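Sequences listed follow chains A and B, in order. FYI, in the working numbering the residues of the first sequence are 216 to 632. FYI, in the working numbering the residues of the second sequence are -19 to 195. In this text, a Cβ means the ideal position worked out from N, Cα and C, and glycines have one as well. For clarity, every value in this text was computed on a predicted model and none was experimentally measured. Contents: one structure, followed by commentary.
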Amino acid sequence: MAMKISAQDKKDLDKFTKFLALKSAQVIVQSRLGEKKSTQCKMHTTGTDWFNLAIEDLPDVLAETKKALNGEIVSARLPLCVEISLRTVEGDHMVLESWCLGIVPEQCDPSVRVTHTVYNRMGILLKSLVSVTRVTPAYKLSRRQGPDSYIICYRIYMEEPQLHTLGDGYKQVRVGQICTPIGTLQLSVSYRTKMTISPTNNGKDNSIMLKSDHFNTNLSPRQMRYKQNEENNASLNNTMRIGAFADAKRKLPEPEMIIPCVPFSKLLSMRKSPEQKAENDDRTEVEELMAAAVADDSSTLEVDADVAVKGKDDKNGNAKDRPYLGALPTHRFTMTPTNDDFIMVDLKTPFATSNGNSELGKIYREWQTAPPLKTFSEIPPLSDQVPDLTKQLERYETAMKTYDDMVQALCESPNNN
Amino acid sequence: MNARTQIFELAMEGRQVDEAVASIFHTVLFHRSLGKFFYTGEGNYSVGTLGYTDVDCDFIDLTYVCCTSRALDLNLRREISCFSEQLRGNEGTGIGQISLEFFQKKPAKWFGQQECIPWEVWTVRLELLSLQNEDERLVCREKVGDLLTEKVLYITEVMNRHEYLPKMPNQSELGLIFDTSYVDVQPYLFKLNYVSGQSASSSITNTMKKLIKAM
C-alpha cells in the first residue's frame, strides 16, 4: 500500500493547499468586515474562482496572506493563523479568535485522488468555513463595529496559534479536515468565551487586558442584551416596588398615623356623623363658621384644594367632584392625573381598597377636595361683608346654644375614640 | 443501502420556526450544492461557481449562509412555510417534524414509476413553546440562536466526514443525481417531507418502512 505520490500530484496538492490557505484567509477576514456578504453564482468559472466557490479576493488580504506565506511551499510551512481582534477608539486591544489551518503529516492517505477528491473536499471545507464564520461570537461583534466604538482587526502569521491571548476557557471548534497523501489538513478555530477578564487571570498582556476588560463588558452583544434585560427588570422592579410599598402600608395601623397629619379631619367626620345630620337647620351655618375659622391659617389647604380641581370646572367642580371622589374610591385613578401634586392621594389608596379603612378614606377625600374651596370661591367683596357682619353676629348670638352643643360634642369626641 | 439520518430536536416559538428550519436546511443545501455543470463534449464538463449569501434572522439571534439562488430559496421557503402553517395552525398539536431528504433516481428500466433511493436525510423535530412576555422572548431568541449555532457546527462536522456521496454521473444521467432545474445552482436531488401532530411521532416507523422497501 506504500504508494508514492507522483510529482505532478505533489505539485497540484501544494498548489491546492496554497489556494485553500489564501481563500480561507479571505473568507475569515471578509466575514469580519461588519457587513452582510453576497456573492453571485457564475456559469463559467474564471481564474480566481478556486474550488467552485465565489470568494472575492480583497487585495489587502491577499497581500497580507502572501506576505505571511513568504512565497514558500505552504504545506511545508503550515500552520497558518488568522487572528481576529478588537481595537477600541482608545487603542485598547483584545484578541477574539484564532483560525488555524494546520497539517498533521502522520495521518496521510496516499490513495486519495488529489485532482478530484482533495480538490472537491477543499471546496466543502471552505463552505463549512463560510458557515462557521457566521456563528462564532466574534461575528456578532464584528457586525456592531463602528469608527466611534471599536473596529475588528486581523493578523495573519505562519506559526502555532497564540492561544493564551484568548483568555481562560476559550473554546475550540474544528471546522473540518481533509486526508491527503501528504497528511491531514485541519481547519479549526479557537475563540474567546469570556469577554470579562479579571486582571489577575492573564499573565502577559496584563496592562492591555485590564483596560479591554473594562471596555468589552459593554461591547459583547450578549452582555448588551443582558444589560437591557437588567434595565427592564430594574424598571419592572421599580413599579413593583410601589405596589409592595402600598401593600406594606396597608398592613400598618394607619388611622393613628394619618389623623394627626390632617387638621380638621375630625371635624369633617363629625359633620358626617348621623347625630350631626339630624340638625339639618344649623348645618350650613356650622360649615360657614368652620370655613371662616379655617380661612386664615389654611393657605396650604386652599392651594391643595385648588390643585384638586385644576383642569375641571373651577367654581362648581367641587360640588361635582366631592360625591364622585368620596363615593367611588375605586375611581381614584381617574382623579390622579388632575392632581398630580397630591402625594396624599397615593398614600391613602391602599386604605381605600381595604374594607376596614374605607370610611376613613372616604372622609379624607371629602375633606381634601371640597368644602373650603366652595366657600372661598364665593367670598363676597369686603364692602358687602362689613354690613353683613352685624347681622351675622346677631344671628350667632341667637344660635349660641347650637354652638355650645357643638363645642360640647367636639370635646366629647376624643373620648368616643 | 441505508440513508444517513440526522435528527435535530428543537423547541421554540411559532414565529421562529420558518427561520430555524431554513437556517438548518440552507446550511445543508449550501454544502450539498455545486455550480452548474457545463458540458463541452462527451466526458468533458466544467463546473460553474457557487455564490453564497448571508441571511440575518428576524426572530433568532443568528446569521446563516445560503446559496445565492432565488429560485432555490423560494422553493425551500414555500415548503417550510406550508409545514410551519400546519404546525402553528389551530388544529395542530404544536409538535411536528420536517425532513430534507437527498435521493438519487435509479435509471428507469420499464415504463413505470421511477425509484428514488434516499442517501441522506436531515430531520428537524419541533415542539412549539408559548411564551408569556417580551423578556422570555428575548431569552428564547438568544437560546434558539445558540442551539442553531450548535446545529450548524454539527452539520459542518458531518459534511467533513466525507462519507458516501453519489458518484459523479455522465451527462445523460445527470438528472438522476442532481436537480438540474435551477439556472444558477445544482443541488443534489432533494425533497422535503413534513408531518405535524400525532402522526409526527410515528413517522420514524414510516421512514423505516420506506427504507426497508427501498432496500
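Residues bridged to Ser3 of chain B (per DSSP): Taking the first residue of the second sequence as position 1, residue 3 of chain B is located at position 23. None, per the DSSP bridge assignment.
Beta carbon of Cys62 of chain B nearer than 8 Å to that of His6 of chain B: Indexing the second sequence from 1 puts residue 62 of chain B at position 82. Indexing the second sequence from 1 puts residue 6 of chain B at position 26. No, they are not a contact pair.
Partner residues on chain B for Cys256 of chain A, Cβ-Cβ distance less than 8 Å: Start at 1 with the first residue of the first sequence, and residue 256 of chain A comes out as number 41. Within 8 Å Cβ-Cβ: Gly15, Lys16, Gly28, Thr29, Leu30, Gly31, Cys47, Thr48, Ser49, Asp164, Val165.
Strand pairing of Gln84 of chain B, partner residues [DSSP]: For this step, residue 84 of chain B is matched to residue 104 along the second sequence. Note: Gln84 of chain B sits in a beta bridge opposite B:Ile97.
Cys394 of chain A: first and last residue of the uninterrupted beta strand (DSSP E) it sits in: Residue 394 of chain A sits at position 179 when you count from the first residue of the first sequence. Residues 386 to 395.
Coil, strand or helix - Asp512 of chain A by DSSP: Within the first sequence, numbered from 1, the residue matching residue 512 of chain A stands at position 297. Any answer about Asp512 of chain A is weak, because its pLDDT of 41 lies below 50 and its placement is not dependable; what the coordinates show is given next. Correct three-state label for Asp512 of chain A: helix.
Whole-number beta carbon distance between Leu381 of chain A and Ser239 of chain A, since they are thought to touch under 8 Å: In the first sequence, the residue the question calls residue 239 of chain A occupies position 24. In the first sequence, the residue the question calls residue 381 of chain A occupies position 166. The Cβ separation is near 19 Å, so there is no contact.
Bridge partners - Leu(-15) of chain B, DSSP secondary structure assignment: Against the second sequence, residue -15 of chain B aligns to sequence position 5. Checking the sequence shown, residue -15 of chain B turns out to be Thr, not Leu. The partner list for Thr(-15) of chain B (beta bridge, DSSP) reads B:Val101.
Cutoff 8 Å: Met(-8) of chain B Cβ touching any chain A Cβ: Looking up residue -8 of chain B in the second sequence gives position 12. No, because no Cβ of chain A sits closer than 8 Å to the Cβ of Met(-8) of chain B.
Chain A contacts from the stretch 107 to 136 of chain B (Cβ-Cβ distance under 7 Å): Asp115, Leu118, Glu122, Thr129, Val132, Leu133, Thr136
Start and end residues, beta strand (DSSP E) containing Cys46 of chain B: If you number the second sequence from 1, residue 46 of chain B lands on position 66. Run containing Cys46 of chain B: 43 to 47, per the beta strand (DSSP E) assignment.
Cβ-based burial, Asn140 of chain B [other Cβ within 10 Å; buried from 16]: Sequence index remark: in the second sequence, residue 140 of chain B carries index 160 (1-based). Answer is buried; the Cβ neighbour count reaches 16.
Per-residue DSSP class, three states only, for Ser176 of chain B: If you number the second sequence from 1, residue 176 of chain B lands on position 196. Ser176 of chain B: strand per DSSP, three-state reduction.
Euclidean distance between Cα positions of Thr624 of chain A and Asn113 of chain B: Start at 1 with the first residue of the first sequence, and residue 624 of chain A comes out as number 409. Start at 1 with the first residue of the second sequence, and residue 113 of chain B comes out as number 133. The displayed chain sequence assigns Ala, not Thr, to residue 624 of chain A. C-alpha separation (whole angstroms): 58 Å.
Chain-ordered residues of the stretch 348 to 360 of chain A with a beta carbon less than 7 Å from chain B: Arg349, Val350, Tyr354
Contact set between the stretch 315 to 348 of chain A and chain B, restricted to residues whose Cβ is under 7 Å from the partner: Arg336, Ile339, Leu340, Lys342, Ser343, Val345, Ser346, Val347
Interface partners of Ser253 of chain A on chain B, CB under 8 Å: Taking the first sequence and counting its residues from 1, the one referred to as residue 253 of chain A is at position 38. Going along chain B in sequence order, the residues near Ser253 of chain A (Cβ under 8 Å) are Gly31, Tyr32, Thr33, Asp34, Thr48.
Straight-line Cα distance separating Val333 of chain A from Leu54 of chain B: For the purposes of this step, residue 54 of chain B is identified with residue 74 of the second sequence, where counting begins at 1. For the purposes of this step, residue 333 of chain A is identified with residue 118 of the first sequence, where counting begins at 1. So the alpha carbons of these two residues sit roughly 32 Å apart.
Counted within 10 angstroms of its Cβ, other Cβ atoms place Asn335 of chain A as buried (16 or more) or exposed: Along the first sequence, one-based indexing puts residue 335 of chain A at 120. Counting Cβ neighbours within 10 Å, Asn335 of chain A comes out buried, since at least 16 surround it.
Inter-residue Cα distance where the pair is Thr605 of chain A and Val622 of chain A: Residue numbering aside, residue 605 of chain A sits at position 390 when the first sequence is read from its first letter. Residue numbering aside, residue 622 of chain A sits at position 407 when the first sequence is read from its first letter. Near 23 Å, if we compare the C-alpha coordinates of Val622 of chain A and Thr605 of chain A.
Coil, strand or helix - His308 of chain A by DSSP: Counting from one through the first sequence, the residue named residue 308 of chain A turns up at place 93. The answer is strand: DSSP assigns His308 of chain A an E or B state.
Inter-residue Cα distance where the pair is Tyr168 of chain B and Phe10 of chain B: For the purposes of this step, residue 168 of chain B is taken as the residue at position 188 of the second sequence. For the purposes of this step, residue 10 of chain B is taken as the residue at position 30 of the second sequence. About 10 Å.
Where the alpha helix (DSSP H) through Phe231 of chain A begins and ends: One-based indexing of the first sequence puts residue 231 of chain A at position 16. Its alpha helix (DSSP H) spans residues 222 to 246.
For Gly15 of chain B, three-class secondary structure by DSSP: Stepping through the second sequence from its first residue, residue 15 of chain B is reached at position 35. Residue state, collapsed to three classes: strand.
Straight-line gap, Arg407 of chain A to Glu374 of chain A (C-alpha atoms, nearest Å): Along the first sequence, read from residue 1 onward, the residue named residue 407 of chain A stands at position 192. Along the first sequence, read from residue 1 onward, the residue named residue 374 of chain A stands at position 159. Straight-line Cα distance between these residues: approximately 19 Å.
Sequence-distant residues of its chain with Cβ nearer than 6 Å to Val319 of chain A (five each side left out): Looking up residue 319 of chain A in the first sequence gives position 104. These residues qualify, in order along the chain: Gly398, Thr399.
Whole-number beta carbon distance between Thr260 of chain A and Gly76 of chain B, since they are thought to touch under 8 Å: If you number the second sequence from 1, residue 76 of chain B lands on position 96. If you number the first sequence from 1, residue 260 of chain A lands on position 45. 41 Å between Cβ atoms; not a contact.
Phe10 of chain B: contacting residues in chain A (beta-carbon distance under 8 Å): Taking the second sequence and counting its residues from 1, the one referred to as residue 10 of chain B is at position 30. Near Phe10 of chain B (Cβ distances below 8 Å), the residues of chain A are Lys342, Val345, Ser346.
Tyr144 of chain B classed as buried or exposed, judged by whether at least 16 other C-beta atoms fall within 10 angstroms: Locating residue 144 of chain B in the second sequence gives position 164, counting from the first residue. Exposed, since its Cβ has fewer than 16 Cβ neighbours within 10 Å.
When A:Lys252, A:Gly338, A:Thr303 are compared against His364 of chain A, the one with the closest alpha-carbon: In the first sequence, the residue the question calls residue 364 of chain A occupies position 149. For the record, residue 364 of chain A in the displayed sequence is Ser; it is not His. Out of A:Lys252, A:Gly338, A:Thr303, A:Thr303 has the C-alpha closest to the C-alpha of Ser364 of chain A.
Cβ pair Arg247 of chain A, Tyr369 of chain A closer than 8 Å: Counting from 1 along the first sequence, the entry for residue 247 of chain A is found at position 32. Counting from 1 along the first sequence, the entry for residue 369 of chain A is found at position 154. In contact: Arg247 of chain A and Tyr369 of chain A (Cβ atoms closer than 8 Å).
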